[in-house]
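Q:
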Amino acid sequence: MSNRAVLEVIALDAEDAVAAQAGGADRLELVTDMAADGLTPSLETFAEIRAAVGIPLRVMLRVADGFAAGDIDVLVEKARAMRAAGAREFVLGFLDPVGHVDLVAVERIVAELNGCPWTFHRAIDRAADRDVLRKHLADMPGLDTYLTAGSASGVDAGMDVLLVEAGHSDLPGYEPQIMVGGGLRLEHLPRLRAAGVEAFHIGGAARPRGWDGPVDAAAVRQWRAALDG
324 MSNRAVLEVI ALDAEDAVAA QAGGADRLEL VTDMAADGLT PSLETFAEIR AAVGIPLRVM
384 LRVADGFAAG DIDVLVEKAR AMRAAGAREF VLGFLDPVGH VDLVAVERIV AELNGCPWTF
444 HRAIDRAADR DVLRKHLADM PGLDTYLTAG SASGVDAGMD VLLVEAGHSD LPGYEPQIMV
504 GGGLRLEHLP RLRAAGVEAF HIGGAARPRG WDGPVDAAAV RQWRAALDG
């Protein structure tokens, strides 16, 4: 069995996707509008990226900045449309006003996904209680990944939490894979890998010119080499 770590890269368009794949990304997270921390891309963008690359795509289901679900009917319709267009993997995650998982929103959307694999994104880093959130989602169909920095402030602040949670894979609610992202830097990798973390997510780190520039294949390749080394 391969012990290759998963490297997921944010892609905004087909150019990003091609560069990320060329650099060694295993999977893409598809979003638009990074000024709002990533919203659902258009069906046209999804189709262009799907045609351009052969690696798995996880499509963001999110319609507004922040971690409130907003109009659940709109989210359900976007999920339905993406499924009809061929999307088979997704990213979502919503909190209620007091920081608990919004089970009404999550359950309605997950029902529309009909068993597709999905990631609960960094809403977990804003949760009132991370452990309780995991337990509430423990039996949710398709949930196979938590994207987390361990803290709302990023990996620097969340490292201790990540290391502890990496050792809890045998506990209820901790079965989904931890994918670390959010202020992740190359120097973080040795401690995380030593703790057993096997999935990593980068956005700005793949873009030397910032979010106004495209994904750079050489930057992704540097991460691939560090993980493989």
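Last residue of the sequence shown: 552 in our numbering, with the numbers rising by one and none dropped. In this text, a Cβ means the ideal position worked out from N, Cα and C, and glycines have one as well. Predicted, not measured: the structure shown is a model, and the values here were computed from it.
Does the Cβ of R327 have 16 or more other Cβ atoms within 10 Å, making it buried, or fewer, making it exposed?
A: exposed
Q: Buried or exposed for L330, going by 16 or more other Cβ atoms inside 10 Å?
A: buried
Q: Can you give me the C-alpha to C-alpha distance between G473 and V484, rounded to a whole angstrom?
A: 5 Å
Q: Going residue by residue through the region 429-505, where are the continuous beta strand (DSSP E) segments of at least 3 residues, counting only ones entirely within it?
A: 441-443, 466-471, 500-503
Q: Using the beta-carbon count (16 or more within 10 Å), is T441 buried or exposed?
A: Before going on, a small fix: residue 441 reads as Trp here, not Thr. Buried, since its Cβ has 16 or more Cβ neighbours within 10 Å.
Q: Alpha carbon to alpha carbon, how far is V397 from N437?
A: CA-to-CA, the gap between V397 and N437 works out to about 17 Å.
Q: Using the Cα positions of R544 and I432, report the straight-line distance between them to the nearest angstrom.
A: Computed Cα separation, rounded: 35 Å.
Q: Apart from the five residues on each side of it in sequence, which residues of its chain come closer than 7 Å, Cβ to Cβ, to G465?
A: V433, L436, G438, C439, P440, W441
Q: What residue does the beta strand (DSSP E) around M383 start on, and which one ends it?
A: 380-383
Q: Per DSSP, what kind of secondary structure is E412 in: helix, strand or coil?
A: Coil, per DSSP.
Q: Quick one, which of F369, R547, V520 has its alpha-carbon nearest V382's?
A: F369
Q: Between G552 and the ligand MG, is the CB less than 7 Å from at least one heavy atom?
A: Ligands in the displayed structure: none, and consequently the ligand MG is not present.
Q: Would you give the residue range spanned by the alpha helix (DSSP H) that F369 belongs to?
A: Counted as a single uninterrupted DSSP element, the alpha helix (DSSP H) harbouring F369 occupies residues 366-375.
Q: Mind checking whether G346 and A542 have CB atoms under 8 Å apart?
A: yes
Q: Helix, strand or coil for E521, going by three-state DSSP, please let me know.
A: coil
Q: Would you kindly work out how many angstroms separate the C-alpha atoms of G377 and A392, rounded to a whole number?
A: 31 Å
Q: How do the region 494-505 and the region 455-469 stand: do at least 3 beta-carbon pairs fall below 8 Å, yes or no?
A: yes
Q: Excluding the five sequence neighbours on either side, which residues of its own chain have a C-beta within less than 8 Å of the C-beta of A489, listed in chain order?
A: I501, L515, A518, G519, V520
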